[in-house]
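Report on the structure given below.
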Ligand SMILES: Cc1cc2nc3c(=O)[nH]c(=O)nc-3n(C[C@H](O)[C@H](O)[C@H](O)COP(=O)(O)O)c2cc1C
Ligand code: SF4
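In our numbering, the protein residues as written are 1 to 483.
And the structure:
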C-alpha cells in the first residue's frame, strides 16, 4: 500500500452535529431534483462492491441484506455497486448483461424502497472493464506468454538462436539486463501481469469497442429500468474502460483518442445510446474523475471540460471521484492481480487515516467545486455529487452552503454506521459510530472477499438474527443500533 510521505495519523473529525431543527432546515437534508425525479435529501451512498453475488453475478440474500441495511438509514440515494454490462463470467461481481439478471435486481429495488419507507432512490452503476491477468512467474512468462520478436533477437545478438534458446536465456537474466531487451509494455506484463488497454487497437475486440459498447450500455440501462431501479450511473471513473477512453493516456488515432473532444466521444456516444433507449424521464448520469492523480494523466481542467460536455449532452447528474488507476498501482505478488487502489492515485480515491498535511478528509472538494463552476458557466444546473472522506454533518453542510457541490456522498462512513444519516437528521448525531478510515474494508475488496467493516463485523455475534459470513467468523451487516 502506498503511504503518504508525511505519515501523520488522523482521528475522525466529524465536527458539530445539528439539532433536529437545524437538520430540518439544512441543505443536506433538503430535497434535490435529478433529471425528472426528486431525491428526498442530498445524502448519497456511492457505489461500493461488496463481493456478495453468486459466481454467475446474480443477486443473493447477502446482496439484499447489504442494501437493505443501508436503506434503513434513509439516504437520498444509494448507488448499487459496479455491475458488469457483459454476459461473461466475472467472479462474484454483479451483472446485468442478460434479461435473466432482471428478477434479482427487481427484488433488490423492492427491498431498498421498502426498507427506506420510500425515502431512498436506488441507482445502479454500470461498468465495462478490460481483461487483467495475475502477475506471472518470470519463468512461465518467458516460456509461455512473451512473443519473441526481431527486436529481442537484435538486443541479444541472437539472430540464429532458436526460440526455445531465447526463452531459456531470458529466464536467466536479471531486471537490469531485461530492461535493455524488453519493451516497456513487456516489462509491465512481466512485473504487474498483462493488462489490456483501450489503445491495443491491433486486437479487433479493442478496436471495435466504440462499435459495441453503446449498445451494451443501452441494453443494461433498459434492464435496470425494467427492474424498477430508479436511475443509472455510467461508470466513467477509476481504472475501467470508459475512464481509459477519457484519459490523456488514450492515444487512439481513430477519432476516439488524442484531443479532449475525441476522448469524450465514446462516453458521449454511450450516453446518447442509453438516453435514446430509456427516454428523457429516466435519470442517467455518470461517475468520473476530478483528477486521475497520475503522471501525465487527466487533471481538473480536463475534468471541467468533460463536465460541461456531459451536462450539455443532457446528463442528469455528475458524480466526482478521483484517482484509482492501474498506472501507479503497487506491484502485486506473483499469482496476484494488480489493484488500482494501492498507489498514490489509489490513496486519493480512498484516503486512509495515515495521511499528509492536508489529511484524508475532503480532498475531492476543491476540484469538484472547479468542475461545478465550469458546468454552471457553461449554462447548466446539472447536480454535482462529491465524495471522499466526508463523515460529519458540518463538512457536508459547508460544501453545500459554499456551492461546491449539490449532493454530498459518503461511502465508508455509511458502511461504518448505515444509520448515520438518520441519526444526524433526528438530532442524534452524537450516537454516530465514526469510520476510522482504517481501510480494512478496502483490504477485503482487494482480495475479492465479502466486504464488512472493522467496527462491527465481530461484535454481538450471538444475536439470533446476526447473518454471518460462510466461515461463521464475521457478521455481514451492522447490528441494529436503533433498537
Ligand atoms: C469496499 C469499497 C468498494 C468500492 N467500490 C466502488 C465501486 O464499485 N464503484 C465506485 O465508483 N467506487 C467504489 N468505491 C469508492 C467509493 O465509492 C468512494 O468513492 C470512496 O470510498 C471514497 O469515498 P469515502 O471516503 O466516502 O469512502 C468503493 C469503495 C470501497 C471502500
Ligand atoms: S473498515 Fe469500517 S472503519 Fe475501517 S475504513 Fe472501512 S468503513 Fe471505515
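All C-beta atoms in this analysis are idealised placements derived from N, C-alpha and C, irrespective of residue type, glycine included.
Near ligand 1: residue i beta-carbon under 7 angstroms from a heavy atom
{"i": "residue 286", "result": "no"}
{"i": "residue 86", "result": "no"}
{"i": "residue 315", "result": "no"}
{"i": "residue 413", "result": "yes"}
{"i": "residue 47", "result": "yes"}
{"i": "residue 62", "result": "no"}
{"i": "residue 343", "result": "no"}
{"i": "residue 118", "result": "no"}
{"i": "residue 158", "result": "no"}
{"i": "residue 337", "result": "no"}
{"i": "residue 390", "result": "yes"}
{"i": "residue 410", "result": "yes"}
{"i": "residue 291", "result": "no"}
{"i": "residue 81", "result": "yes"}
{"i": "residue 11", "result": "no"}
{"i": "residue 321", "result": "yes"}
{"i": "residue 486", "result": "Examination of residue 486 is not possible in this model, given that the chain is present from 1 through 483 alone."}
{"i": "residue 125", "result": "yes"}
Start-to-end residues for the alpha helix (DSSP H) that takes in residue i
{"i": "residue 67", "result": "61–72"}
{"i": "residue 321", "result": "From DSSP, residue 321 is part of no alpha helix (DSSP H) but of the beta strand (DSSP E) over 318–321."}
{"i": "residue 176", "result": "175–181"}
{"i": "residue 112", "result": "102–115"}
{"i": "residue 399", "result": "393–401"}
{"i": "residue 207", "result": "204–207"}
Contact set for residue i: own chain, Cβ-Cβ below 7 angstroms, skip 5 residues either direction
{"i": "residue 226", "result": "102"}
{"i": "residue 436", "result": "12, 353"}
{"i": "residue 429", "result": "17, 18, 393, 423"}
{"i": "residue 343", "result": "2, 328, 329, 330"}
{"i": "residue 469", "result": "450, 476"}
{"i": "residue 312", "result": "378, 380"}
{"i": "residue 256", "result": "210, 245, 262, 265, 266"}
{"i": "residue 125", "result": "47, 79, 80, 81, 82, 83, 233, 235, 287"}
{"i": "residue 486", "result": "The requested residue 486 does not occur in the structure, where the chain is confined to residues 1 to 483."}
Those residues which DSSP pairs with residue i across a bridge
{"i": "residue 125", "result": "233"}
{"i": "residue 548", "result": "Past the boundaries of the shown model lies residue 548; the chain is included only from 1 to 483, so the question cannot be answered."}
{"i": "residue 198", "result": "Answer is none; residue 198 lacks a bridge partner."}
{"i": "residue 384", "result": "318"}
{"i": "residue 132", "result": "195"}
Cut-off 6 angstroms between Cβ atoms - residues of its own chain near residue i, not counting five sequence neighbours on either side
{"i": "residue 432", "result": "417, 420, 423"}
{"i": "residue 394", "result": "15, 16"}
{"i": "residue 327", "result": "294"}
{"i": "residue 410", "result": "390"}
{"i": "residue 392", "result": "14, 15"}
{"i": "residue 144", "result": "none"}
{"i": "residue 68", "result": "111, 115"}
{"i": "residue 86", "result": "97"}
{"i": "residue 153", "result": "159"}
{"i": "residue 308", "result": "374, 375, 378"}
Nonlocal neighbours in the same chain, by C-beta distance under 8 angstroms from residue i, ignoring five residues either side
{"i": "residue 148", "result": "163, 166, 167"}
{"i": "residue 10", "result": "353, 354, 355, 359, 360, 361, 437"}
{"i": "residue 321", "result": "46, 237, 238, 287, 288, 289, 290, 349, 364, 387, 388"}
{"i": "residue 305", "result": "260, 264, 374"}
{"i": "residue 64", "result": "107, 108, 111"}
Terminal residues of the beta strand (DSSP E) in which residue i lies
{"i": "residue 79", "result": "77–84"}
{"i": "residue 93", "result": "Where residue 93 is concerned, there is no enclosing beta strand (DSSP E), given that its DSSP letter is neither H nor E."}
heavy atom of ligand 2 below 7 angstroms from residue i C-beta
{"i": "residue 355", "result": "no"}
{"i": "residue 441", "result": "yes"}
{"i": "residue 438", "result": "yes"}
{"i": "residue 454", "result": "yes"}
{"i": "residue 416", "result": "yes"}
{"i": "residue 493", "result": "In the structure as shown, the chain starts at 1 and stops at 483, and residue 493 therefore has no counterpart that could be examined."}
{"i": "residue 435", "result": "yes"}
If you scan the segment 421–477 from start to end, which runs of the alpha helix (DSSP H) of 4 or more residues do you find wholly inside it?
440–446
Unbroken stretches of the alpha helix (DSSP H), 4 residues or longer, contained in the segment 243–299:
260–263, 265–278
Just list the beta strand (DSSP E) runs in the segment 314–380, keeping only unbroken ones of 3 residues or longer that don't cross its boundaries, in chain order.
318–321
Please give me, in chain order, every unbroken run of the beta strand (DSSP E) with length at least 3 that falls completely inside the segment 4–67.
32–34, 37–39, 43–45
Give the list of continuous beta strand (DSSP E) stretches no shorter than 3 residues that lie fully inside the segment 135–189.
Considered as a whole, the segment 135–189 harbours no complete run of any beta strand (DSSP E) with no fewer than 3 residues.
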